[in-house]
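Down below is the structure, laid out as structure tokens.
Protein chains: 2
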Amino acid sequence: MSLPVSKDQLLATRQLITPHIHQTPVVTNNTINQMAQADLFFKCECFQRTGSFKIRGATNAILSLSKEEQSKGVVTHSSGNFAQALSCAATKQGVKAWVVMPQNAPSVKKAAAQGYGGEIVECAPTLVDREKTAAMVIEKYGATLLHSYNQYPVIRGQATATMELLEEVQQLDYVVTPLGGGGLLSGTALACAHFSERTKVIGAEPLGADDAYRSFHAGKIIPQTNPQTIADGLRTSLGDLTFPLIKSLVSDIITVEEQEIVDAMKLFWSRAKIIIEPSSAVTVAAILKNKSLFAGKRVGVILSGGNVDLERLPW
Amino acid sequence: MSLPVSKDQLLATRQLITPHIHQTPVVTNNTINQMAQADLFFKCECFQRTGSFKIRGATNAILSLSKEEQSKGVVTHSSGNFAQALSCAATKQGVKAWVVMPQNAPSVKKAAAQGYGGEIVECAPTLVDREKTAAMVIEKYGATLLHSYNQYPVIRGQATATMELLEEVQQLDYVVTPLGGGGLLSGTALACAHFSERTKVIGAEPLGADDAYRSFHAGKIIPQTNPQTIADGLRTSLGDLTFPLIKSLVSDIITVEEQEIVDAMKLFWSRAKIIIEPSSAVTVAAILKNKSLFAGKRVGVILSGGNVDLERLPW
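These protein sequence lines map, in sequence, to chains A and B.
If you read the first sequence in this note's numbering, its first letter stands for residue 1, the second for the next number, and so on.
If you read the second sequence in this note's numbering, its first letter stands for residue 1001, the second for the next number, and so on.
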């Protein structure tokens, strides 16, 4: 497959967004290395602006718009990390951001996006209403719809996390990335394809939202229905841009159970003293569950975010 | 007062222990800076080996012993971070460590010290029994007693955290340090006295264990009785070596209430995504409580540790 994103495009993306994001640290932990019998390099996007990697894709998407498009604003539907990221990235560039959220979204999520300058537009909690509401904003203001993962500018932005990792840590055998809609995983796979061909890319997915695992093995998109997982960033389905990239560039998908996610999250908190959200912990769980695969290897791990409701911890 | 620890001694200490400890990162956080209206530089000893700065003093104390003393082992009484630190530092140097803990100490504390190779010696939960039990170990094995804060080799070791901070961040107006027995604060004050005279040193103490505040203002040691604070590392009383250093080198002591400690801890977790223990959060609480003092200043903050029981969070 000829890749839809070139090496030069990735380099240009990185140059474009670097002034607006944090270069996050890569950390190691002796205890977890011993448990995994591998050398793990954790790329800490939990320390990223707005608490997740989503600011990378959001920033690139906004900077990729024309001045005229920017002047009319952007709209997305998300109640998760992309809502905060887009609000922050847009506000920083002086661009108006509307965020469509269901009425029943937790008020803390609404407040977070508002805190970064986004304007919440409430809708009934159905897919149809969500899309109708976004269409209304587009119709009324001429805003551009930005998708949280299924657009190339977003995917290119997410790739930059792995570009930084590959520059800081050489000779990685694997990079393991959380897998929901596939934006981060697609970006990770593109970065490895262009900058470290020897590095195999693996997606880590909750068993309770394993549409990507099933799609990967079926060879066609099987949408996620009724996802059941604590990893709230990974409940989404693959998109028509992310699936082909994953199918052709990703070497495997590992699924993990809910208790494994919680255990991995707690282990990481107590040993590394770093707050990762359940969606990030899925990677750690996948590695500890597959010791024979990773034993003796150098493994990059993208810890995608650290946005957790401290009042409602899963233990 | 002529200082009991020289600049050359601190430099030698740092050289001695550096191969055995982590150089911990200094992090900043925009949101917390905005709240404090100051430039805060957090020295993250929560990422230190064994989860706290205590490994610095423990390592220096062990490396300062003669070969013969080392061959007979060391003993301490502690159920906190020093127990883990001494166990780890001793084991790493091939030195036997006995840790005297009351029978009723939480099993998680015993397991932690044992996990690092220390041997737990249980005693009845009284001061007399603790000292009798330590004396018994000394009598039987010829072990050397190491105190968790009131010995110069330990104090010199703790000073190295601030030495690293002063090297990484110039022109600090203040350094704020948690204050329990005063080992970390004494070391901090010595480091500033020798390497950054312009930097004022402030201790942060829980109101529920404010013996240092009262001693500082009375001009004599007033021992802590019945401390009531969630900051379990700060329940101890000043020692006869730490008090004179604090009295002569520390510019002020700020006390904070329990709810302020909990709020600061939660704020730091949610914003910085870094796990700090209540004893560390006392510094953040002290700064947010005294905005007029710190406004516009460059302030170093020693985050002493990150050992928290995740099953029993204070919110």
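Where a beta carbon is used, it is the ideal one built from N, C-alpha and C, also for glycine.
Item	Value
Judging by CA-CA distance, which residue of ALA1061/B, PHE1294/B, GLY1181/B and ALA1285/B is the nearest neighbour of TYR1213/B?	GLY1181/B
Alpha carbon to alpha carbon, how far is ALA1111/B from PRO206/A? Give it in angstroms, no decimals.	32 Å
Does the beta carbon of GLY51/A sit closer than 9 Å to a beta carbon anywhere in chain B?	yes
Does the beta carbon of SER1079/B sit closer than 9 Å to a beta carbon anywhere in chain A?	no
Along the chain, where does the alpha helix (DSSP H) containing SER14/A start, and where does it finish?	Correcting the residue identity first, residue 14/A is Arg in this sequence and not Ser. From DSSP, the alpha helix (DSSP H) with ARG14/A extends over 7-17.
Please list, in chain order, the chain A residues whose beta carbon lies closer than 9 Å to that of LEU1310/B.	LYS266, TRP269, SER270, LEU313 and TRP315
According to the Cβ coordinates, are GLU1322/B and GLY1208/B closer than 9 Å?	Absent from the model: residue 1322/B. The displayed extent of chain B is 1001 to 1315, so no value can be given.
As a quick exercise: from GLY305/A, SER6/A and PRO314/A, pick the residue whose alpha carbon is nearest that of ILE355/A.	Past the edges of chain A, shown from 1 to 315, lies residue 355/A, and the structure says nothing about it.
Would you identify the three-state DSSP class for ASP1039/B, choosing helix, strand or coil?	strand
Quick one: which residues of the region 1019-1049 of chain B get their C-beta closer than 9 Å to a C-beta of chain A? List them in chain order.	PRO1025, VAL1027, ASN1030, CYS1044, CYS1046, PHE1047 and ARG1049
Given a threshold of 16 other Cβ atoms within 10 Å of its Cβ, counted over all protein chains shown, does SER1052/B qualify as buried or as exposed?	buried
Within 9 Å of any Cβ in chain A, is that where the Cβ of ILE1055/B sits?	no
Provide the residue span of the beta strand (DSSP E) that contains ALA193/A, from first to last.	Note, ALA193/A: premise wrong, no beta strand (DSSP E); alpha helix (DSSP H) at 183-195.
Closer than 7 Å by beta-carbon distance: list the chain B residues that pair up with GLY306/A, in chain order.	LYS1273
Among THR24/A, ASP129/A and GLN37/A, which one has its Cα closest to the Cα of LEU288/A?	GLN37/A
Can you have a look at LEU127/A and say buried or exposed, based on whether 16 or more other CB atoms are within 10 angstroms of its CB?	exposed
In angstroms, rounded to a whole number, what distance separates the CA positions of PHE47/A and LEU172/A?	22 Å
If I measure Cβ to Cβ from ILE1120/B and keep anything under 7 Å in the same chain, skipping five residues before and after, which residues do I get?	VAL1099, MET1101, LYS1110, ALA1113 and GLN1114
Verify the CB distance criterion: does ILE261/A have a CB-CB separation below 9 Å to chain B?	no
Quick one: does ILE302/A have its CB under 9 Å from some CB of chain B?	no
State the beta-bridge partners of ASP252/A as determined by DSSP.	ILE202/A
Who are the Cβ neighbours of GLU45/A in its own chain at under 7 Å, not counting the five residues just before and after it?	THR24, SER52, PHE53, ALA161, ILE302, LEU303, SER304 and GLY305
Quick test of your reading: THR144/A and VAL74/A, contact by CB under 8 Å. State the CB separation rounded to the nearest angstrom.	5 Å
How about THR199/A and THR283/A: are their beta carbons less than 9 Å apart?	no
Specify, as a first and last residue, the run of the beta strand (DSSP E) that ALA97/A falls within.	97-102
To which residues does DSSP link GLU1000/B through a beta bridge?	The structure shown does not extend to residue 1000/B, since chain B is modelled only from 1001 through 1315, so no value can be given for it.
Given that a residue counts as buried once 16 or more other Cβ atoms are within 10 Å of its Cβ, and exposed if not, what is ASN60/A?	buried
Could one say the Cβ of ILE276/A lies closer than 9 Å to chain B's Cβ atoms, at least one of them?	yes
Under the three-state reduction of DSSP, which class applies to VAL282/A: helix, strand or coil?	helix
Beta strand (DSSP E) containing ILE302/A: first to last residue?	298-303
For SER186/A and ILE246/A, I'd like the C-alpha separation in whole angstroms.	6 Å
Would you check if the distance between the CB atom of ALA295/A and the CB atom of ALA281/A is smaller than 9 Å?	no
Let me check one thing: in DSSP terms, what residues is PRO1004/B bridge-paired to?	DSSP output for PRO1004/B lists no bridge partner at all.
Compute the Euclidean distance between the alpha carbons of HIS194/A and LEU165/A, then round it to the nearest angstrom.	13 Å
What are the start and end residues of the beta strand (DSSP E) that includes VAL1075/B?	1074-1077
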